[in-house]
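In this note's numbering, each residue's number is its place in the sequence shown (first place is 1) plus 2.
We put the CB at the ideal spot given by N, CA and C, even for glycine.
Only a predicted model underlies this, so the values are computations on that prediction, with no experimental measurement involved.
For reference, the structure discussed in these notes is given below.
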Amino acid sequence: MAKLSEMNNKTLVSGAVLALLAFGVGGYVFSGHSETEAAQGASQQAQAMPVNVMVAAPEPVQIWKEFSGRMVAVDYAEIRPQVSGTISEIKFQDGQDVQAGDVLLVIDPSPYEAAVAQAEAELAAAENEAAHAQRELKRSKGLIEKKAISQSLYDSRENAARVAQAS
Numbered sequence: 003m004a005k006l007s008e009m010n011n012k013t014l015v016s017g018a019v020l021a022l023l024a025f026g027v028g029g030y031v032f033s034g035h036s037e038t039e040a041a042q043g044a045s046q047q048a049q050a051m052p053v054n055v056m057v058a059a060p061e062p063v064q065i066w067k068e069f070s071g072r073m074v075a076v077d078y079a080e081i082r083p084q085v086s087g088t089i090s091e092i093k094f095q096d097g098q099d100v101q102a103g104d105v106l107l108v109i110d111p112s113p114y115e116a117a118v119a120q121a122e123a124e125l126a127a128a129e130n131e132a133a134h135a136q137r138e139l140k141r142s143k144g145l146i147e148k149k150a151i152s153q154s155l156y157d158s159r160e161n162a163a164r165v166a167q168a169s
């Protein structure tokens, strides 16, 4: 048993020596390799690099700046006509400054002119009808006094005169 223990001790000692030797060789190789790289780096730094030299002098420079974006007006106005119709003329450009009271749109006046002409014709017809009804009533007054017409005919002419006057 003593032999076995001696053998184990020898094995342990020889294993430790081999491990120290391996670490020593590794350290030597590693340190030698690092020194070689450092020496090569120093020699590269020692070499001169070619450079271009210019004299600094003022020169005109045009500065360009490009931006992407979207512009939105601070104020805007929605333009709507007060009457319906076909727009015949636009008197402003997009983005143009306008003042209160400026004419912006011209609407085709022909439908409105036709409506005015028709209303004037209807007014003239109503005035003529009222005048005719007044003349008939005046004649009927003379005839009712002479009992030449019936009371109901006189009443209908009087009513027609009032209706014509009202319209």
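Please name the residue or residues paired with residue i in a DSSP beta bridge.
i: L139; result: DSSP output for L139 lists no bridge partner at all.
i: V108; result: E91
Taking DSSP as the reference, what is the three-state secondary structure of residue i?
i: A21; result: helix
i: P255; result: The requested residue 255 does not occur in the structure, where the chain is confined to residues 3 to 169.
i: G103; result: coil
i: K12; result: helix
i: N54; result: coil
Note down, in chain order, each residue of its chain lying with its Cβ closer than 7 Å to the Cβ of residue i, except the 5 sequence neighbours on either side.
i: E160; result: L139
i: E131; result: A166
Please report how far the alpha carbon of residue i lies from the alpha carbon of residue j, in whole angstroms.
i: Q101; j: V74; result: 21 Å
i: V173; j: E91; result: Any answer about residue 173 is impossible in this case: the structure gives the chain only from 3 up to 169.
i: S158; j: S169; result: 17 Å
i: A117; j: A79; result: 31 Å
i: G144; j: A150; result: 9 Å
i: L22; j: Y30; result: 12 Å
i: N54; j: F32; result: 40 Å
i: A119; j: A126; result: 11 Å
i: V19; j: N10; result: 14 Å
i: V63; j: G71; result: 25 Å
i: A133; j: E115; result: 27 Å
i: G26; j: M51; result: 40 Å
i: K93; j: A59; result: 55 Å
i: W66; j: M56; result: 24 Å
Please go through the same chain and pick out, in chain order, the residues whose beta-carbon is closer than 6 Å to the beta-carbon of residue i, but skip the five residues on each side of it.
i: Y156; result: S142, I146
i: F69; result: none
Excluding five sequence neighbours on each side, which residues of the same chain lie with their C-beta closer than 8 Å to the C-beta of residue i?
i: S89; result: For clarity, residue 89 is Ile in the given sequence; the question names Ser instead. Taken in chain order, the residues that qualify are P83, L107, V108, I109, D110.
i: Q136; result: A163, A166, Q167
i: I81; result: L106, L107
Does any C-beta atom of chain D lie closer than 9 Å to the C-beta of residue i?
i: A150; result: Although the question refers to chain D, the structure presented lacks it and comprises just one protein chain.
Every unbroken beta strand (DSSP E) within the region 70-98, with a cutoff of 3 residues, ordered by chain: With a minimum length of 3 residues, the continuous beta strand (DSSP E) runs that stay inside the region 70-98 are 89-92.
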